[in-house]
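Residue numbers (this note's numbering): 352 to 539. Positions of the beta carbon are idealized from the N, C-alpha and C atoms, including for glycine. Contents: one structure, followed by commentary.
Okay, here's the thing in structure tokens:
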């Protein structure tokens, strides 16, 4: 019998697992996305080895979203997509993000994206402010928190999430939209 960690690790190594017979749905208890769970460094390294990074300007961005102001930011996903993303991989990548102390600079009217290709996941961070002084650093911890929160807030079925959008904070308190999507989707 395999536990879920074995299944995830097998999935990352490219092994194929076939399970015969009926599979009962498991009860899922959402974990607190503010809790950074430990991740095996070898598993984290395998994830990051399969990640590509991209960035670019927002097109037709004339004003910040009204919900981007720091006071009163929602800490729940405010929009869910209709993708079929593996929530166990979402949670695992979120833990890998939270294990890092790095930050990412996102200038005003710009976006950054990270794609975990073999998991079909894309994480985007979008700064919709237009003034040049409204750029901000976003911590890896915040990106991991957002990814895990979207995974649970947009939970779809047995072990899948639809993906979605949530508002996080940059280091200067500015709101940053964070999206979890299919790897082929746009960041805006």
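Short of 7 Å from the beta carbon of residue 402, and not among the five residues preceding or following it, lie these beta carbons of its own chain, in chain order: 465, 466 and 467.
Residues of the same chain with a CB within less than 7 Å of the CB of residue 497, apart from the 5 flanking positions on each side, are 517, 519 and 529 in chain order. By the criterion of a C-beta distance shorter than 7 Å, residue 430 is surrounded in its chain by 515 and 516, once the five residues flanking it on both sides are discounted.
For residue 465, DSSP records a beta bridge to 404 and 474. In the three-state DSSP reduction, residue 437 falls in the strand class (E or B). Distance from residue 487 to residue 441 at the Cβ level is roughly 24 Å; contact not present, criterion being Cβ atoms closer than 8 Å. Under the criterion of beta carbons closer than 8 Å, residue 438 and residue 511 qualify as touching, at roughly 6 Å. Of the other Cβ atoms in all chains shown, fewer than 16 fall within 10 Å of the Cβ of residue 523; this residue is therefore exposed. In the DSSP assignment, residue 527 is bridged to 519. CA-to-CA, the gap between residue 489 and residue 397 works out to about 23 Å. In the DSSP assignment, residue 504 falls within the unbroken alpha helix (DSSP H) covering 491-504.
Taking 8 Å as the cut-off, the beta carbon of residue 443 is found closer than this to the beta carbon of residue 390.
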